[in-house]
Every structure is written in structure tokens, then in C-alpha cells.
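Have a look at the structure below, then the notes.
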Amino acid sequence: MITEPEFDGGSSGIPGPERPGGPEGPEGHEYYGGAPAPARRPWRWALGGALTASLLWAGAWWAAAPQDDRPPLRYGLPASLCDSAKLPTLARLAEVIQWNPTPKLFEHPGVDQAYCQLSIPREPSESGSRLEYQIQTSMSLHKRTDPAPEFGANPAPAGWSGLSSAEPRSVPGLGERALIWETEYEQSWRLAVLDGGAVFTMDVTVWSYGPDTFDGDGDPIPDSGPPQDPPKPDSDAVQAAMIDDMHGLMKALHQ
6 MITEPEFDGG SSGIPGPERP GGPEGPEGHE YYGGAPAPAR RPWRWALGGA
56 LTASLLWAGA WWAAAPQDDR PPLRYGLPAS LCDSAKLPTL ARLAEVIQWN
106 PTPKLFEHPG VDQAYCQLSI PREPSESGSR LEYQIQTSMS LHKRTDPAPE
156 FGANPAPAGW SGLSSAEPRS VPGLGERALI WETEYEQSWR LAVLDGGAVF
206 TMDVTVWSYG PDTFDGDGDP IPDSGPPQDP PKPDSDAVQA AMIDDMHGLM
256 KALHQ
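For the sequence shown, the numbering used here gives the first residue as 6, with consecutive numbering after it.
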């Protein structure tokens, strides 16, 4: 009967992992074809250790680094944007001693937003030809995504006339990128600035009042005054004042 060598204690003739070919010599060393087995080379172990350390370091760095392309925020969120939005150039243009402020604040894990609406306090009985300015400023801090790809995609404010210029004008030297829009009848403007992960906006609307008198509720009575056209705002002066005050606002919020 032919038996399997591995079952009856014989050898299969195939070298195993522990005994590649020859018997052990008298000193306990394995022999490979009659010669001693080569010694292990230490540089291979050192190289393996260095590679392992590099992989561990790279993994730790990847885990600690932000996993998106958001830019570092260079601005801080104020408790009240109105405290920073003094807008002195627009105040001189509007002949305002002190604005009537209305602040708002919204905090979110993705985007923090602060708003400030500024208007001119007027007495109900005040009459005569004049310009009244209404301003809203805002800042949005984008904490998770970079706002640059979508900057300028929002349409400009339509204003009271409902018509706005088709294309904005670029403003050099203001943030990373700045755009300004103007309504067709030169009554409303918007300035938007992208810088350091934040988006700033400033909307200015100018109301023109003729020499009308007011009723008991403080509303003007149309055509109650002498025939005179209401004044018109100086568009170039308004835009220059907006740019100057935006510089000051961004400087005040920079950290």
C-alpha cells in the first residue's frame, strides 16, 4: 500500500518555511546548499521603521488639517454691527448728526450674519425740499465654505424703481474683490466686498422730497407746496462715500 509521506512520518521532499533545504549543522545554524544562512540586514528594518513613522505622521496631519478649502477668517463678528458702522462720510453727505440704528445678529454653524439699518430721525412736521438717506450694512462670515465662487451671483437691489443696472462696476483696492451696482434712476446703490472669508454689503437708498407740507399723520401732501422739482442725489458722491465708509467698516472689524 502506498502511503502519504506526511502521514507516516516521512518527508514530502518539499522544503518548508523553516527548513529551506538542508539540515542544521552542529552549531545550530541552518545551511543553504551547504553554506550558512545569510544574516538579516539591519538597514531594511530601519527603512521599514522610517516608512511607518512617516505614514503615522501623515495620517495625524491629515486628521488635524481642515478637510475643505475654506479660507482663514480675518474678521470677527461684532455683537452689534451698528456700533462699528458709523459711516462718517455718508453722514456728512446726508447732513446727519446721528443715525437712528437698528441692529440684528444671526449665528449659525455655517454662516454668521450681522446687519445694521441706519435711517435719519425726522420730525413728522418737518417739510421742505430735502434728501433722506436709508442705509443697510451687513457682514457674513462663512465658516465652512469659501464664498468666493458665488460672490457677485446675487442680483443687485431693485430699489424703489424696480430697475437696476445690468452689470456692476468693479472697485479696485477694496478687499479681494469688490462690486458696486446702481439703479437706473440713480436712487439706490449696493456695494459688495469679498475679503478673508467674509462678505460685506452696503445698500444706500436716497428719497427725494419736494416742498410739500405734511398732514396730521406726518405724511407729505402731494403738490401742496410751491411748484419745484425735488432735489436729486449726486451719484458719484454717494458711491465715493460708500467706498470710503466700507474701508473704515472693514478696518474696524479686522482681527
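In this text, a Cβ means the ideal position worked out from N, Cα and C, and glycines have one as well. Predicted model, so just to flag it, every value in this text is computed and none were measured.
Comparing C-alpha distances from residue 107 to each of 181, 179, 87, 92 shows the shortest one belongs to 87. For residue 248, the secondary structure class from DSSP, reduced to helix, strand or coil, is helix. Residue 92 carries a coil assignment under DSSP once its states are collapsed to helix, strand and coil. Per DSSP, residue 80 lies in no beta strand (DSSP E) and is assigned neither H nor E. Beta-bridge partners assigned by DSSP to residue 109: 120. The Cβ-Cβ distance between residue 247 and residue 194 falls below 8 Å. For the pair residue 105 and residue 124, the Cα-to-Cα distance works out to about 5 Å. Under the 10 Å beta carbon count, residue 154 is surrounded by fewer than 16 other beta carbons and is classified as exposed.
Contact check for residue 136 against residue 236 passes: the beta carbons are separated by less than 8 Å. Here DSSP, grouped into helix, strand and coil, assigns residue 254 to helix.
Between residue 77 and residue 151 the beta-carbon gap is near 11 Å, outside 8 Å, which marks them as no contact. Taking a 10 Å sphere around the C-beta of residue 175, we find fewer than 16 other C-beta atoms and assign the residue as exposed. For residue 209, the three-state secondary structure derived from DSSP is strand. By the C-beta density criterion, residue 178 is exposed, having fewer than 16 other C-beta atoms within 10 angstroms.
8 Å or more divides the Cβ of residue 173 from the Cβ of residue 211.
Residue 197 is not a Cβ neighbour of residue 142, given a cutoff of 8 Å.
In chain order, 185, 194 place their CB closer than 7 Å to the CB of residue 244, counting only its own chain and leaving out the 5 sequence neighbours on each side.
DSSP places residue 143 within a strand segment (E or B) once states are collapsed to three. The criterion of a C-beta distance shorter than 8 Å is not satisfied by residue 81 and residue 254.
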